[in-house]
Amino acid sequence: MSLVAFLSGTNLLIVGIVLLVLYVALLLVALAYNVVRDARRRSTSILFAIFAFLLAFIPPFLGALLYLVVRPPRTLDEERALELEQQVLAEPPSDEPETRPCPTCGRDIEQDFVICPYCRTQFARRCGVCERRLRLGWPVCPYCATEVGAHPLPPAPSRSAAPH
């Protein structure tokens, strides 16, 4: 008996129906798996996962649509991230000044320092008129338009002048 003779007539119809049923059954199992996996990502409750599994088998795929309506809006990971974000935003800002490392010695110094108190590296200077920070290469203050050399800052006391 040849394959063509076997698949002819009613046998072909039966094989087609069986393949269609297997295909739909495979889709239902895959859908149930995905629904349960999503339910486990969104809730720690085993009862919710069982409910989602039972919903997935309501034909013709209406259970999965119903699950999309009743599922929690966020996954557990998203909830944890949101909690952490809220904790960070709820913490009062620290009173400590922001620091940065000195490019020469590497010690922590405050953001608005113009000179490192450890190695005496100068980062900036202050305008003699408005007292704003100026970068070392600026010939004029961009805040008050004063020439930088016009009002020199008083010289810092030298170490050799200190009493012994």
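If you're matching positions, the sequence shown starts at 1 in our numbering and goes up one per residue. Glycine is no exception: its CB is placed at the ideal position from the N, C-alpha and C atoms. Treat the numbers as computed from the prediction; the structure is a model and nothing was measured.
Could you tell me the distance, in whole angstroms, from the CA atom of residue i to the CA atom of residue j?
{"i": "P97", "j": "Q86", "result": "23 Å"}
{"i": "L47", "j": "L84", "result": "27 Å"}
{"i": "V148", "j": "C130", "result": "11 Å"}
{"i": "L89", "j": "T146", "result": "41 Å"}
{"i": "R40", "j": "R100", "result": "44 Å"}
{"i": "V15", "j": "A81", "result": "51 Å"}
Is the beta carbon of residue j closer than 7 Å to that of residue i?
{"i": "F51", "j": "A32", "result": "no"}
{"i": "Y118", "j": "R133", "result": "no"}
{"i": "V35", "j": "A49", "result": "no"}
Taking all protein chains shown into account, do 16 or more other C-beta atoms lie within 10 angstroms of the C-beta of residue i, making it buried, or fewer, making it exposed?
{"i": "V18", "result": "exposed"}
{"i": "R42", "result": "buried"}
{"i": "L13", "result": "exposed"}
Just tell me which of the options has its CA closest to the CA of residue i.
{"i": "L62", "options": "E131, L28, P142 and R80", "result": "L28"}
{"i": "L136", "options": "C144, R125, V129 and Y143", "result": "R125"}
{"i": "D112", "options": "V148, C144, F123 and L65", "result": "F123"}
Could you pull out every unbroken alpha helix (DSSP H) segment of at least 4 residues lying fully inside the segment 25–108, listed in chain order?
-> 46–56, 62–70 and 76–90
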